[in-house]
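Numbering (the working numbering), first residue to last: 938 to 1098.
Some notes on the structure that comes next.
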């Protein structure tokens, strides 16, 4: 059996999650339902990417970013790539079109887009994004930055008296 593309895997998961989220919204109200869903998805995504056992460098991230659109229309331009920064602007995303087609675009950021933040954090990256195709902004502006390693007590210089 062939493995699923990222699009196939994510859209199958989202289709299963939508009725649960709608039921939670009805029972708890949208804010509380979305908070609980985001917490659960962030924990699951952190666990999934944590299994890699290593942080992500920018060249690997760039390759994986391109692979996210495997088999679909996913158009992006790399604006900046250095050893510590990857800045991509996505101008077309079939994920947003998919959510529109199934009548759940309002859940797209919750169930798809916002997962990027926890995954990036777990992989040693900081993600900044102020626009998404899902929200109707016409683009997603991704800026990944490698987080600096925390200074440990053994690496700090001790003051001398």
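Each residue gets a CB set at the ideal place from its N, CA and C atoms; glycine is no exception.
In this structure, does DSSP put residue i in helix, strand or coil?
| i | result |
| --- | --- |
| residue 1096 | Low confidence applies to residue 1096: its pLDDT is 47, below 50, so where it sits in the model is not reliable, and the reading given next is rough at best. Residue 1096: coil per DSSP, three-state reduction. |
| residue 1082 | strand |
| residue 1091 | Caution applies to residue 1091, whose pLDDT of 47 falls short of 50 and renders its modelled position unreliable; the value that the coordinates give is listed next. If DSSP states are grouped into helix, strand and coil, residue 1091 belongs with coil. |
| residue 940 | coil |
| residue 1074 | coil |
| residue 1026 | strand |
| residue 1049 | helix |
So, for residue i: in the same chain, excluding its five sequence neighbours on each side, which residues have a beta-carbon less than 7 Å away from its beta-carbon?
| i | result |
| --- | --- |
| residue 1098 | Annotation note: pLDDT 44 at residue 1098 (below 50); position unreliable, coordinate value reported separately. No residues qualify anywhere along the chain. |
| residue 1018 | 995 and 999 |
| residue 955 | 1041 and 1044 |
Using alpha carbons as the reference points, say which of the options lies closest to residue i.
| i | options | result |
| --- | --- | --- |
| residue 1061 | 1044, 1022 and 1043 | 1022 |
| residue 1068 | 1059, 1050, 1084 and 1082 | 1050 |
| residue 1059 | 1037, 958, 1044 and 984 | 984 |
| residue 1003 | 943, 960 and 949 | 943 |
Go through its chain and collect everything with a Cβ distance to residue i's Cβ below 8 Å, but skip five positions before and after it.
| i | result |
| --- | --- |
| residue 1001 | 993 |
| residue 947 | 1032 and 1049 |
Ends of the alpha helix (DSSP H) at residue i?
| i | result |
| --- | --- |
| residue 998 | 995-1004 |
| residue 1053 | 1052-1059 |
| residue 965 | 943-965 |
By Cβ distance, which residues of its chain are closer than 6 Å to residue i, with the 5 residues on each side in sequence left out?
| i | result |
| --- | --- |
| residue 1036 | 1042 and 1045 |
With 7 Å as the threshold, decide whether the Cβ of residue i is near any Cβ in chain D.
| i | result |
| --- | --- |
| residue 1014 | The structure shown contains no chain D; it holds only a single protein chain. |
The beta strand (DSSP E) spanning residue i covers which residue range?
| i | result |
| --- | --- |
| residue 1031 | First-last for residue 1031: 1031-1038, but that is the alpha helix (DSSP H), not the beta strand (DSSP E). |
| residue 1063 | 1062-1065 |
### Task
Check whether the region 1045-1055 touches the region 1003-1019, taking contact to mean three or more Cβ pairs, one atom from each stretch, closer than 8 Å.
no
### Query
Can you find at least 3 beta carbon pairs, one from the region 1058-1078 and one from the region 1030-1041, that sit closer than 8 Å?
yes
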